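*Asks:* Heads up: the sequence shown runs through residues 1 to 226, numbered per my numbering.
Quick one: the structure is below, and I'll ask about it shortly.
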Amino acid sequence: MRLPPRPNLEWKDDGTPVDPRVDDVYYSVQDGLAETRAVFLSGCGLPENWQDRATFMIAELGFGTGLNFLATWQLWQQTRPENGWLNFVSFEGFPLDAQDIERAMQPWPELAEFAEQLCEKWPTRAYGVRHLIWPDARLSLTLHIGLIADALPQAMFKADAWFLDGFSPAKNGAMWDEALWPLIAERSAAGARVGTFTVAGAVRRGLASAGFTVDKRPGHGRKRER
1 MRLPPRPNLE WKDDGTPVDP RVDDVYYSVQ DGLAETRAVF LSGCGLPENW QDRATFMIAE
61 LGFGTGLNFL ATWQLWQQTR PENGWLNFVS FEGFPLDAQD IERAMQPWPE LAEFAEQLCE
121 KWPTRAYGVR HLIWPDARLS LTLHIGLIAD ALPQAMFKAD AWFLDGFSPA KNGAMWDEAL
181 WPLIAERSAA GARVGTFTVA GAVRRGLASA GFTVDKRPGH GRKRER
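Now the structure itself:
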(Lines of atoms letter the chains of each structure in order from A and count residues from 1; the text may use other names and numbers.)
(Lines give C-alpha, C1' and ligand atoms only; values in the text may rest on other atoms or scores of the structure.)
Protein backbone atom coordinates (compact mmCIF):
# COMPACT_ATOMS: atom_id res chain seq x y z
CA MET A 1 0.00 0.00 0.00
CA ARG A 2 1.30 3.46 -0.91
CA LEU A 3 1.87 5.62 2.17
CA PRO A 4 1.64 9.41 2.51
CA PRO A 5 5.04 11.06 2.09
CA ARG A 6 7.08 11.92 5.15
CA PRO A 7 8.63 15.41 5.23
CA ASN A 8 12.41 15.35 4.95
CA LEU A 9 12.81 17.78 7.82
CA GLU A 10 15.76 20.03 8.41
CA TRP A 11 16.30 21.71 11.77
CA LYS A 12 17.73 25.19 12.20
CA ASP A 13 20.25 25.93 14.93
CA ASP A 14 17.47 27.47 17.03
CA GLY A 15 15.42 24.26 16.76
CA THR A 16 12.94 25.50 14.17
CA PRO A 17 11.84 22.75 11.76
CA VAL A 18 12.00 23.47 8.02
CA ASP A 19 10.43 21.53 5.16
CA PRO A 20 12.92 21.76 2.26
CA ARG A 21 10.18 20.67 -0.15
CA VAL A 22 8.71 24.16 0.09
CA ASP A 23 11.71 25.88 1.69
CA ASP A 24 9.61 27.24 4.54
CA VAL A 25 9.51 27.03 8.34
CA TYR A 26 6.70 25.39 10.29
CA TYR A 27 6.40 28.27 12.73
CA SER A 28 7.80 31.70 13.45
CA VAL A 29 11.35 31.82 14.71
CA GLN A 30 10.33 34.81 16.86
CA ASP A 31 7.91 32.65 18.87
CA GLY A 32 5.64 30.17 17.18
CA LEU A 33 3.36 29.75 20.19
CA ALA A 34 2.79 33.49 20.56
CA GLU A 35 2.08 33.66 16.83
CA THR A 36 -0.48 30.86 17.09
CA ARG A 37 -2.22 32.61 19.94
CA ALA A 38 -2.33 35.94 18.11
CA VAL A 39 -3.15 34.80 14.58
CA PHE A 40 -5.45 31.83 15.17
CA LEU A 41 -6.81 31.80 18.72
CA SER A 42 -7.31 35.53 19.20
CA GLY A 43 -7.97 35.95 15.48
CA CYS A 44 -10.93 33.58 15.71
CA GLY A 45 -12.25 35.18 18.89
CA LEU A 46 -11.22 32.39 21.23
CA PRO A 47 -11.94 31.56 23.95
CA GLU A 48 -14.91 33.95 24.00
CA ASN A 49 -16.65 32.35 21.02
CA TRP A 50 -16.83 28.88 22.56
CA GLN A 51 -18.29 30.05 25.84
CA ASP A 52 -21.90 28.96 26.41
CA ARG A 53 -21.60 26.48 23.53
CA ALA A 54 -22.39 22.79 23.94
CA THR A 55 -20.13 21.98 20.98
CA PHE A 56 -17.61 23.97 19.00
CA MET A 57 -15.73 22.95 15.86
CA ILE A 58 -12.42 24.23 14.55
CA ALA A 59 -11.14 23.26 11.10
CA GLU A 60 -7.52 23.68 10.07
CA LEU A 61 -5.67 23.48 6.78
CA GLY A 62 -2.16 22.27 7.59
CA PHE A 63 -1.70 20.28 10.81
CA GLY A 64 2.08 20.51 10.59
CA THR A 65 3.77 20.04 13.96
CA GLY A 66 0.44 20.16 15.80
CA LEU A 67 1.34 23.46 17.46
CA ASN A 68 -2.02 25.08 16.73
CA PHE A 69 -3.91 22.06 18.00
CA LEU A 70 -1.86 21.81 21.19
CA ALA A 71 -2.16 25.54 21.93
CA THR A 72 -5.91 25.24 21.38
CA TRP A 73 -6.06 22.24 23.72
CA GLN A 74 -4.26 24.22 26.43
CA LEU A 75 -6.66 27.15 26.06
CA TRP A 76 -9.62 24.78 25.99
CA GLN A 77 -8.51 23.16 29.24
CA GLN A 78 -8.23 26.57 30.87
CA THR A 79 -11.52 28.06 29.65
CA ARG A 80 -13.94 25.43 28.33
CA PRO A 81 -17.61 25.51 29.30
CA GLU A 82 -18.49 22.96 31.96
CA ASN A 83 -20.28 20.61 29.56
CA GLY A 84 -18.69 21.80 26.33
CA TRP A 85 -17.11 19.59 23.69
CA LEU A 86 -14.46 20.72 21.19
CA ASN A 87 -14.08 19.04 17.81
CA PHE A 88 -10.86 19.86 15.93
CA VAL A 89 -10.63 18.82 12.26
CA SER A 90 -7.33 19.12 10.43
CA PHE A 91 -5.93 18.33 6.99
CA GLU A 92 -2.35 17.28 6.33
CA GLY A 93 -0.71 15.89 3.20
CA PHE A 94 2.76 15.28 4.62
CA PRO A 95 2.35 14.04 8.21
CA LEU A 96 5.25 14.17 10.64
CA ASP A 97 6.27 11.26 12.82
CA ALA A 98 5.52 11.37 16.54
CA GLN A 99 9.18 11.89 17.44
CA ASP A 100 9.32 14.94 15.17
CA ILE A 101 6.28 16.42 16.90
CA GLU A 102 7.93 15.85 20.28
CA ARG A 103 11.11 17.55 19.10
CA ALA A 104 9.25 20.48 17.56
CA MET A 105 7.40 21.13 20.83
CA GLN A 106 10.53 21.22 23.02
CA PRO A 107 10.69 25.05 23.05
CA TRP A 108 7.37 25.12 24.97
CA PRO A 109 7.40 22.99 28.14
CA GLU A 110 3.93 24.29 28.98
CA LEU A 111 2.58 22.21 26.08
CA ALA A 112 4.48 19.05 27.05
CA GLU A 113 1.57 17.27 28.74
CA PHE A 114 -0.66 17.83 25.71
CA ALA A 115 2.05 16.84 23.23
CA GLU A 116 2.65 13.63 25.16
CA GLN A 117 -1.03 12.72 25.01
CA LEU A 118 -1.15 13.49 21.29
CA CYS A 119 1.92 11.40 20.54
CA GLU A 120 0.56 8.47 22.54
CA LYS A 121 -2.39 8.30 20.13
CA TRP A 122 -0.56 9.39 16.98
CA PRO A 123 -1.81 7.16 14.14
CA THR A 124 0.14 4.84 11.90
CA ARG A 125 1.18 6.52 8.66
CA ALA A 126 -1.59 5.94 6.11
CA TYR A 127 -3.96 7.85 3.88
CA GLY A 128 -7.48 8.39 5.14
CA VAL A 129 -9.29 9.74 8.18
CA ARG A 130 -8.16 9.15 11.76
CA HIS A 131 -10.29 9.96 14.81
CA LEU A 132 -8.54 10.62 18.12
CA ILE A 133 -10.62 11.22 21.24
CA TRP A 134 -9.75 12.38 24.76
CA PRO A 135 -13.00 11.95 26.74
CA ASP A 136 -11.71 13.51 29.96
CA ALA A 137 -10.67 16.64 28.06
CA ARG A 138 -13.96 16.62 26.13
CA LEU A 139 -11.95 16.95 22.95
CA SER A 140 -11.59 15.13 19.64
CA LEU A 141 -9.18 15.42 16.73
CA THR A 142 -10.10 14.25 13.24
CA LEU A 143 -7.09 14.04 10.94
CA HIS A 144 -7.57 13.88 7.19
CA ILE A 145 -4.33 12.56 5.73
CA GLY A 146 -3.91 13.18 2.01
CA LEU A 147 -3.68 15.92 -0.57
CA ILE A 148 -6.04 18.78 0.24
CA ALA A 149 -7.65 18.69 -3.23
CA ASP A 150 -8.71 15.10 -2.55
CA ALA A 151 -9.47 15.27 1.17
CA LEU A 152 -11.45 18.48 1.62
CA PRO A 153 -14.21 17.75 -0.94
CA GLN A 154 -14.93 14.44 0.80
CA ALA A 155 -15.12 15.89 4.32
CA MET A 156 -18.54 16.94 5.59
CA PHE A 157 -18.79 19.22 8.64
CA LYS A 158 -19.66 22.78 9.69
CA ALA A 159 -16.80 24.67 11.30
CA ASP A 160 -17.23 27.57 13.70
CA ALA A 161 -13.63 28.68 13.12
CA TRP A 162 -10.91 28.08 10.55
CA PHE A 163 -7.14 28.12 10.99
CA LEU A 164 -5.60 28.56 7.53
CA ASP A 165 -2.00 27.56 8.19
CA GLY A 166 -0.47 26.03 5.10
CA PHE A 167 3.02 27.12 4.18
CA SER A 168 3.40 30.47 2.38
CA PRO A 169 1.03 30.77 -0.61
CA ALA A 170 4.02 31.67 -2.77
CA LYS A 171 5.68 28.34 -1.89
CA ASN A 172 2.76 25.96 -1.42
CA GLY A 173 0.07 26.93 -3.90
CA ALA A 174 -1.99 23.73 -3.53
CA MET A 175 -3.05 24.71 0.01
CA TRP A 176 -4.31 28.08 -1.23
CA ASP A 177 -5.84 27.10 -4.55
CA GLU A 178 -8.87 29.15 -5.61
CA ALA A 179 -10.96 25.97 -5.81
CA LEU A 180 -10.76 25.64 -2.01
CA TRP A 181 -12.58 28.86 -1.08
CA PRO A 182 -16.13 27.71 -1.93
CA LEU A 183 -15.41 24.38 -0.21
CA ILE A 184 -14.41 26.23 2.95
CA ALA A 185 -17.53 28.39 2.78
CA GLU A 186 -19.77 25.34 2.35
CA ARG A 187 -18.19 23.79 5.45
CA SER A 188 -18.62 26.88 7.62
CA ALA A 189 -21.35 27.47 10.17
CA ALA A 190 -23.12 30.83 10.22
CA GLY A 191 -20.81 33.44 11.70
CA ALA A 192 -17.67 31.33 11.30
CA ARG A 193 -14.40 33.21 11.68
CA VAL A 194 -11.16 32.60 9.78
CA GLY A 195 -7.65 33.33 10.98
CA THR A 196 -4.55 33.29 8.78
CA PHE A 197 -1.07 34.79 8.83
CA THR A 198 -1.09 35.73 5.15
CA VAL A 199 -2.44 38.89 3.56
CA ALA A 200 -1.70 37.73 0.01
CA GLY A 201 -4.11 39.37 -2.41
CA ALA A 202 -5.23 36.08 -3.93
CA VAL A 203 -6.19 34.75 -0.49
CA ARG A 204 -8.10 37.89 0.46
CA ARG A 205 -9.94 37.93 -2.86
CA GLY A 206 -10.69 34.23 -2.64
CA LEU A 207 -12.19 34.48 0.83
CA ALA A 208 -14.21 37.55 -0.16
CA SER A 209 -15.53 35.81 -3.28
CA ALA A 210 -16.72 32.92 -1.09
CA GLY A 211 -18.74 35.29 1.11
CA PHE A 212 -16.35 36.15 3.94
CA THR A 213 -15.82 39.69 5.18
CA VAL A 214 -12.06 40.22 5.04
CA ASP A 215 -9.94 42.71 6.93
CA LYS A 216 -6.30 43.10 7.93
CA ARG A 217 -5.09 43.00 11.52
CA PRO A 218 -1.71 43.82 13.06
CA GLY A 219 0.80 41.05 12.37
CA HIS A 220 3.08 39.18 14.74
CA GLY A 221 6.84 39.53 15.11
CA ARG A 222 8.38 40.86 11.92
CA LYS A 223 5.15 40.45 9.98
CA ARG A 224 3.37 43.77 9.65
CA GLU A 225 -0.14 42.43 8.95
CA ARG A 226 -2.25 39.29 9.09
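We treat Cβ as the ideally placed atom computed from N, Cα and C, and that holds for glycine.
Note that the structure is predicted; figures quoted are calculated from it, not measured.
Rounding to the nearest angstrom, what Cα-Cα distance links ALA179 and TRP11 in this structure?
*Replies:* For the purposes of this step, residue 179 is taken as residue 179 along the sequence shown, with counting starting at 1. For the purposes of this step, residue 11 is taken as residue 11 along the sequence shown, with counting starting at 1. The alpha-carbon atoms of ALA179 and TRP11 are separated by roughly 33 Å.
*Asks:* Return the Cβ separation of GLY195 and CYS44 in integer angstroms, given the expectation that the two are a contact with Cβ distance under 8 Å.
*Replies:* Locating residue 195 in the sequence shown gives position 195, counting from the first residue. Locating residue 44 in the sequence shown gives position 44, counting from the first residue. Between GLY195 and CYS44 the beta-carbon gap is near 5 Å, inside 8 Å, which marks them as a contact.
*Asks:* Can you check which of these residues, GLY128, MET175 and LYS171, is closest to PHE163 by C-alpha distance?
*Replies:* Mapped onto the sequence shown, residue 163 falls at position 163. Among GLY128, MET175 and LYS171, the Cα nearest to that of PHE163 belongs to MET175.
*Asks:* Mind reading off the beta-carbon distance from GLY221 to PRO107? Whole number of angstroms is fine, and I expect it under 8 Å.
*Replies:* Here residue 221 is taken as the residue at index 221 of the sequence shown, counted from 1. Here residue 107 is taken as the residue at index 107 of the sequence shown, counted from 1. No, GLY221 and PRO107 are not in contact; Cβ-Cβ is about 14 Å, not under 8 Å.
*Asks:* Among TRP85, LEU41, GLN154 and LYS223, which has the Cα closest to the Cα of PHE56?
*Replies:* Residue mapping note: residue 56 aligns to position 56 of the sequence shown, counting from 1. Answer by Cα proximity: TRP85.
*Asks:* With distance defined between alpha-carbon atoms, name the residue in GLU92, ARG53, PRO5 and LEU139 nearest to GLN74.
*Replies:* Residue numbering aside, residue 74 sits at position 74 when the sequence shown is read from its first letter. The residue with the shortest Cα to Cα distance from GLN74 is LEU139.
*Asks:* In whole angstroms, give me the CA-to-CA distance for ASP228 and LYS171.
*Replies:* Absent from the structure is residue 228, since the part of the chain shown begins at 1 and ends at 226.
*Asks:* With DSSP as the reference, label ASP150 as helix, strand or coil.
*Replies:* Numbered from 1 along the sequence shown, position 150 holds the residue referred to as residue 150. Looking at ASP150 - three-state DSSP - the assignment turns out to be helix.
*Asks:* Pull up the distance between the alpha-carbon of TRP50 and that of GLU82, whole angstroms please.
*Replies:* Position 50 of the sequence shown, counting from 1, holds the residue named residue 50. Position 82 of the sequence shown, counting from 1, holds the residue named residue 82. Each residue's alpha carbon lies about 11 Å from the other.
*Asks:* In angstroms with no decimal places, state the Cα-to-Cα distance between ASP160 and ALA192.
*Replies:* As a working note, residue 160 is residue 160 in the sequence shown. As a working note, residue 192 is residue 192 in the sequence shown. Taking the straight line from one Cα to the other gives about 4 Å.
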